[in-house]
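Below: one structure, written as C-alpha cells.
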Amino acid sequence: MSAGTIFLRQQNFIDVCYIVAFSLFIYGMSGLTGPRTAVRGNLIAATGMAIAIVATLLTPHVWDGSSTPWLIVLGLVLGTAIGLPAARRVHMTAMPQMVALFNGVGGGAVAIIAWVEYRHHFGGDYTLKTEIPSLFAAIVGSISFWGSNIAFGKLQAIIPSRPIKLPGQAIINGALFLIAVASAVILASGTHSQALFILGILVTAALLGNMVVLPIGGADMPVVISLLNAFTGLSAAATGIALNNTALIVGGMIVGASGTILTNLMAKAMNRSVPAIVAGGFGGEVAAPAGGEDTDRGPVKSTTPDDVAIQLSYARQVVIAPGYGMAVAQAQYAVRDLEKALEDKGVRVLFAIHPVAGRMPGHMNVLLAESQVPYDLLKEMDEVNPEFARTDVTLVIGANDVTNPAAKNEPGSPIYGMPILEVDRSKSVIVLKRSMASGFAGIDNPLFYEPETSMLFGDAKSSVSEITAAVEGL
Amino acid sequence: MTLVTDIAILVLAGFVGFAVISKIPNTLHTPLMSGTNAIHGIVVLGGLLLMHEAHGWLEHLLLVIAITFGMINIVGGFVVTDRMLEMFKRKPEPEPEPTGKGAEHEDAPQ
C-alpha cells in the first residue's frame, strides 16, 4: 500500500470529507431561495452526496471480506439502475407519488440498517449511545417506509384516497405506539436478547405507519408527505448518532428541520393542527352535518365553452385558480395556451396559487412551470386575494375546497377558519369541474350555487382547449 | 466522539436547517422537498459501513437492500429535483428570446 493510499484511508481525511459534504448540503439548499440559483444549488448538494459516498468507500476495512465488494457494488448499481430511469420518466403530474416513494425507500433503508446494527452489537458492545438512536431509527424509519407506501398507493389511486377508518382507530394507534416503545425499552434495558423484540418493533411500527396514513384524506396529503419526509430525516440523523457519522447527523437533521417547517406551513394553510390531521382526515364524522342541509342550496347554472370564451375575452382581468383537478386532467399545457390566447387579446391574466392546492407543497407551481407559464404571473394567496375585487372573471380549474366560502362564512363547516382564495369576490366565477361530486373534504361548496357562478362540466383539459379555440376564433 | 458532541452537532444542524429553509419561497416548496428527500438518502453510508461486519446471508441480503434503497432515494431524488428546477429556471423571461429547449409544446399555430 503506497503512502498516498494510506493517507487517503486516514480517518481524519474521511472526517474532513464529511465536513465538506455537509457544508455543500447546506450551501446547496440555500441556493433554493431563488429559481435562478436553484439548479446549481441542487447540483452542489448532489456533489456533497458524491463526496460523502466516496469518502465512506475509502474508510479502512469497508472493503474487507471476500463477498463485501461485490455486494456493495451490487447495491449501488441496482439502486442507480432503478432510481435513474424512474426519475427521468416520471410525469410532473405524478410527482407527489414519486416523492412519496423515494421518501419511503429512504425510511426503509434506515429501518433495515437499524435492524442489522442491532443484530451485530447486541450482547457485546451495544451501549446505550448506540442502542437508543438505533431503536428510534428502527421505529421511525419503519413508520416512514410503510406510511409513504400507503401515501404512494393513495396518490397513485391504487388505494382509495378517501379516509379509511377503523372504529377505535385512535386507541389502536396509541396501543401500537406503546407496544413499539415498550419493546424498545425492554431491548435497551438489555435483559432480553431475543431477536423477536426487534422484529416486534419493526412490525408494530409498520402497522402504525399503515394505520396512521390510511385514514388521511387526499386533501391532507401535502401535510402527510412533508411529515413523513421529516420523519425519515430525523431517523437518518439518529442512525448517524448510532454510527458516529457526522455527515449522516447533519444531512438527516437538515431534512428533519425542513420537513418540520413545511409540515407546519401546510397545516397552517389548512387551519388545522398536525395532530388533528394525523388523528384522521375530513370526511368521516365531521362531514355528515354539512351534507345534511345541502339539498336546498338552489339551482346550479351551467354554461358552455363559447359563452365562457366571450366572457373571458371581454374581461380586463382574469384570475385562474388551479387545483388538483388540473393535475389529474394533465391540463397544464392547455391552461398555458388559454393564458397566451387571452394575453393576445389584451386581457391581464393572473394565477392564484393556494398553498395546499394539489397533493404536495408547491404542486401547482411545478405544473405551471412545466408548461412555461411566466413565473411572475403566479400569485400566492395573500398577494392575490385583494385582486379578486378588481377581477372580472375567475376561472376555477379543478379546485374546490380551497375556494369554498364556507370556510369564511359558515362557523359550522368543518373547514371553517381555513384561509381560502376569495374567488367569490370577483364579478363572476366559472368553475370547471367533472361533475357535482364534492371535493376530498366531502363538503358541499356554496360557491357553486352563487348567482354569479356558472359551472362548465367536463374534463378540464378538453374544456380548456375548447375555450381557447373559441377565444382564438373571436 | 462522545454522545454530547454528536448531540451538539445535531442541535446546531437543526438550527442551520431552520435558518436556511425558512427563506425558501412557496413556489419552490416541491423542489425543496424532493431535494431534501434526496439528502436523507445519505443513510446509504450506514449500509456501506456495516457491510464488512455482516454475518450470514440474512444480514448481507438486508444490507444490499438497504444500499439499493438508499441509492434509489439519492439518485432519484436529485434527478427529479433537477428536472423540476430546470423548468423554473427558464421562467423569468416569458417571450423575448426565441424559445429554447422544451419548446415543442408551443409550436402550435398562434
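As given, the protein sequences belong to chains A and B, one line each in that order.
Be aware that the first sequence starts at 3, since it is given in the numbering used here, and climbs by one per residue.
Be aware that the second sequence starts at 2, since it is given in the numbering used here, and climbs by one per residue.
We put the CB at the ideal spot given by N, CA and C, even for glycine.
Because the structure is a prediction, the values reported are computed rather than measured.
Legend entry - Burial state of Pro110(B) (16 or more Cβ within 10 Å): Within the second sequence, numbered from 1, the residue matching residue 110(B) stands at position 109. For Pro110(B), the predicted structure reports a pLDDT of 41, less than 50, and the residue's modelled location is therefore unreliable. A value from the coordinates is still provided. The residue in question, Pro110(B), is exposed, as its Cβ has fewer than 16 Cβ neighbours within 10 Å.
Inset, instruction - Give me the Cα-Cα distance between Val330(A) and Thr95(A), rounded to the nearest whole angstrom. - result: Taking the first residue of the first sequence as position 1, residue 330(A) is located at position 328. Taking the first residue of the first sequence as position 1, residue 95(A) is located at position 93. Between Val330(A) and Thr95(A), the alpha-carbon positions lie close to 7 Å from each other.
Legend entry - Helix, strand or coil at Gly286(A) [DSSP, three-state]: Your numbering for residue 286(A) matches position 284 in the first sequence. For Gly286(A), the predicted structure reports a pLDDT of 39, less than 50, and the residue's modelled location is therefore unreliable. A value from the coordinates is still provided. Three-state DSSP puts Gly286(A) in coil, outside helix and strand.
Inset, instruction - Anything in the segment 52 to 72 of chain A with a Cβ closer than 8 Å to a Cβ of chain B? List those residues in chain order, please. - result: Ala54, Ile55, Thr58, Leu59, Thr61, His63, Val64, Trp65, Asp66, Gly67, Ser69, Thr70
Inset, instruction - Spatial neighbours of Ala317(A) within its chain, please: CB distance less than 7 Å, with the 5 preceding and 5 following residues excluded, ordered by chain position. - result: The residue you call residue 317(A) lines up with position 315 of the first sequence. Answer for Ala317(A): Val349, Asp394, Val395, listed in chain order.
Legend entry - Cβ of Val5(B) within 8 Å of any chain A Cβ: The residue given as residue 5(B) occupies position 4 in the second sequence. Output row for Val5(B): interface = no.
Inset, instruction - Give a yes or no on whether the C-beta atoms belonging to Met362(A) and Pro224(A) are separated by under 8 Å. - result: Within the first sequence, the letter at position 360 stands for residue 362(A). Within the first sequence, the letter at position 222 stands for residue 224(A). It is a contact, given that the beta carbons lie within the stated cut-off.
Legend entry - Spatial distance of Leu188(A) from Gly47(B) (CA atoms): The residue labelled residue 188(A) in the question sits at position 186 within the first sequence. The residue labelled residue 47(B) in the question sits at position 46 within the second sequence. Sequence check: residue 188(A) is Ile here, not Leu. Each residue's Cα considered, the two are about 25 Å apart.
Inset, instruction - Could you say which of Ala23(A), Ala311(A), Gly242(A) lies nearest to Thr3(B) if we only look at CA atoms? - result: By one-based count along the second sequence, residue 3(B) stands at place 2. Looking at the Cα atoms, Gly242(A) is the closest of the given residues.
Legend entry - Assigned secondary structure, Ile251(A) (DSSP; H/G/I helix, E/B strand, else coil): Locating residue 251(A) in the first sequence gives position 249, where the first residue counts as 1. Helix at Ile251(A).
Inset, instruction - For the segment 17 to 24 of chain A and the segment 43 to 56 of chain A, state whether three or more C-beta atom pairs, one from each stretch, are separated by less than 8 Å. - result: yes
Inset, instruction - Return the residue from the list Lys156(A), Ile115(A), Leu45(A) that minimises the CA-CA distance to Met514(A). - result: Residue 514(A) lies beyond the range of chain A shown here (3 to 476); nothing can be said about it.
Legend entry - Secondary structure, alpha helix (DSSP H): runs of 4+ residues fully inside the segment 155 to 232 of chain A: 171 to 190, 197 to 215
Legend entry - When Asn74(B), Ala9(B), His56(B) are compared against Ser69(A), the one with the closest alpha-carbon: Taking the first residue of the first sequence as position 1, residue 69(A) is located at position 67. For Ser69(A), the nearest C-alpha among the options comes from His56(B).
Legend entry - Supposed contact pair Asn175(A) and Leu210(A) - C-beta distance, whole angstroms, cut 8 Å: Position 208 of the first sequence holds residue 210(A). Position 173 of the first sequence holds residue 175(A). About 6 Å separates the two Cβ atoms, so the contact holds.
Inset, instruction - Determine the contact status of Ser237(A) and Val142(A), defining contact as a CB-CB distance below 8 Å. - result: Locating residue 237(A) in the first sequence gives position 235, where the first residue counts as 1. Locating residue 142(A) in the first sequence gives position 140, where the first residue counts as 1. For Ser237(A) and Val142(A), yes; Cβs fall inside 8 Å.
Legend entry - Beta-carbon neighbours of Phe450(A), restricted to chain B and to distances below 8 Å: Your numbering for residue 450(A) matches position 448 in the first sequence. Here the premise fails: no neighbours, minimum Cβ distance about 27 Å.
Inset, instruction - For the alpha helix (DSSP H) holding Pro37(A), just list the boundary residues, first then last. - result: Counted from its first residue, the first sequence places residue 37(A) at position 35. 37 to 59 is the extent of the alpha helix (DSSP H) around Pro37(A).
Inset, instruction - Determine, using beta carbons only, whether Asn105(A) comes closer than 8 Å to chain B. - result: On the first sequence, residue 105(A) is found 103 positions in, with the first residue counted as 1. It does: the Cβ of Asn105(A) has a partner Cβ on chain B nearer than 8 Å.
Inset, instruction - Could you name the residues of the same chain whose beta carbon sits closer than 6 Å to that of Met272(A), not counting the 5 residues immediately before and after it, in chain order? - result: Counting from one through the first sequence, the residue named residue 272(A) turns up at place 270. The residues are Val358, Met420.
Legend entry - Where Thr129(A) sits in the DSSP three-state scheme: Indexing the first sequence from 1 puts residue 129(A) at position 127. The answer is coil: DSSP assigns Thr129(A) none of H, G, I, E or B.
Inset, instruction - Keeping to the same chain, check which residues put their C-beta closer than 7 Å to that of Val404(A); ignore five residues upstream and five downstream. - result: As a first step, residue 404(A) must be located in the first sequence, where it is residue number 402. Excluding residues within five positions, the ones whose Cβ falls inside 7 Å are Gly325, His356, Val358, Ala359, Ile422, Leu423.
Inset, instruction - Have a look at the DSSP bridge pairing and note the partners of Met457(A). - result: For this step, residue 457(A) is matched to residue 455 along the first sequence. Bridge partners of Met457(A): Ser304(A), Val433(A).
Legend entry - Contact with chain B by Met213(A), beta-carbon distance below 8 Å: In the first sequence, counting from the first residue as 1, residue 213(A) sits at position 211. So no, Met213(A) is outside the interface.
Legend entry - Given Leu397(A) as reference, the closest of Pro87(A), Ala172(A), Leu344(A), Lys410(A) once Cα atoms are compared: As a first step, residue 397(A) must be located in the first sequence, where it is residue number 395. Closest option to Leu397(A), Cα to Cα, is Leu344(A).
Inset, instruction - Ignore the nearest five residues each way along the sequence and tell me which others in Glu412(A)'s own chain have a CB closer than 7 Å to its CB. - result: The residue you call residue 412(A) lines up with position 410 of the first sequence. Cβ within range, chain order: Tyr418.
Inset, instruction - Alpha carbon to alpha carbon, how far is Gly400(A) from Lys381(A)? Give it in angstroms, no decimals. - result: Your numbering for residue 381(A) matches position 379 in the first sequence. Your numbering for residue 400(A) matches position 398 in the first sequence. Approximately 17 Å between the Cα atoms of the pair.
Legend entry - Cβ distance (whole Å) where Val375(A) is taken to contact Arg338(A) below 8 Å: In the first sequence, counting from the first residue as 1, residue 375(A) sits at position 373. In the first sequence, counting from the first residue as 1, residue 338(A) sits at position 336. Right, their Cβ atoms sit about 5 Å apart.
Legend entry - 8 Å Cβ cutoff met for Ser260(A) and Gly18(B): Taking the first sequence and counting its residues from 1, the one referred to as residue 260(A) is at position 258. Taking the second sequence and counting its residues from 1, the one referred to as residue 18(B) is at position 17. It is a contact, given that the beta carbons lie within the stated cut-off.
Legend entry - CB of Val77(B) within 8 Å of CB of Met255(A), strictly: Reading the second sequence from its first residue, position 76 is the one you call residue 77(B). Reading the first sequence from its first residue, position 253 is the one you call residue 255(A). One point to set straight first is that residue 77(B) is Gly, not Val, in the sequence displayed. Going by C-beta atoms, Gly77(B) is not nearer than 8 Å to Met255(A).
Legend entry - Residues near Cys19(A) by beta carbon distance below 6 Å, same chain, minus five either side: Residue mapping note: residue 19(A) aligns to position 17 of the first sequence, counting from 1. Answer for Cys19(A): Ile53, Ala57, listed in chain order.
Legend entry - Range covered by the alpha helix (DSSP H) that runs through Ala113(A): Along the first sequence, one-based indexing puts residue 113(A) at 111. Taken as a continuous stretch (DSSP letters only), the alpha helix (DSSP H) holding Ala113(A) covers 97 to 123.
Inset, instruction - Could you work out which residue in Thr470(A), Ile445(A), Ser437(A) is closest to Ser456(A) when comparing CA atoms only? - result: Locating residue 456(A) in the first sequence gives position 454, counting from the first residue. For the residues Thr470(A), Ile445(A), Ser437(A), the minimum Cα distance to Ser456(A) belongs to Ser437(A).
Legend entry - Beta-carbon proximity list for Asn105(A), same chain, < 6 Å, skipping 5 on both sides: If you number the first sequence from 1, residue 105(A) lands on position 103. Closer than 6 Å at the Cβ level, and outside the excluded window around Asn105(A), lie Ser150, Leu230, Asn231, Thr234.
Inset, instruction - Identify which residue in Ile74(A), Pro98(A), Gly81(A) has its Cα closest to the Cα of Met366(A). - result: As a first step, residue 366(A) is located in the first sequence; it is residue number 364 there, counting from the start. Met366(A) has its Cα closest to that of Pro98(A), out of Ile74(A), Pro98(A), Gly81(A).
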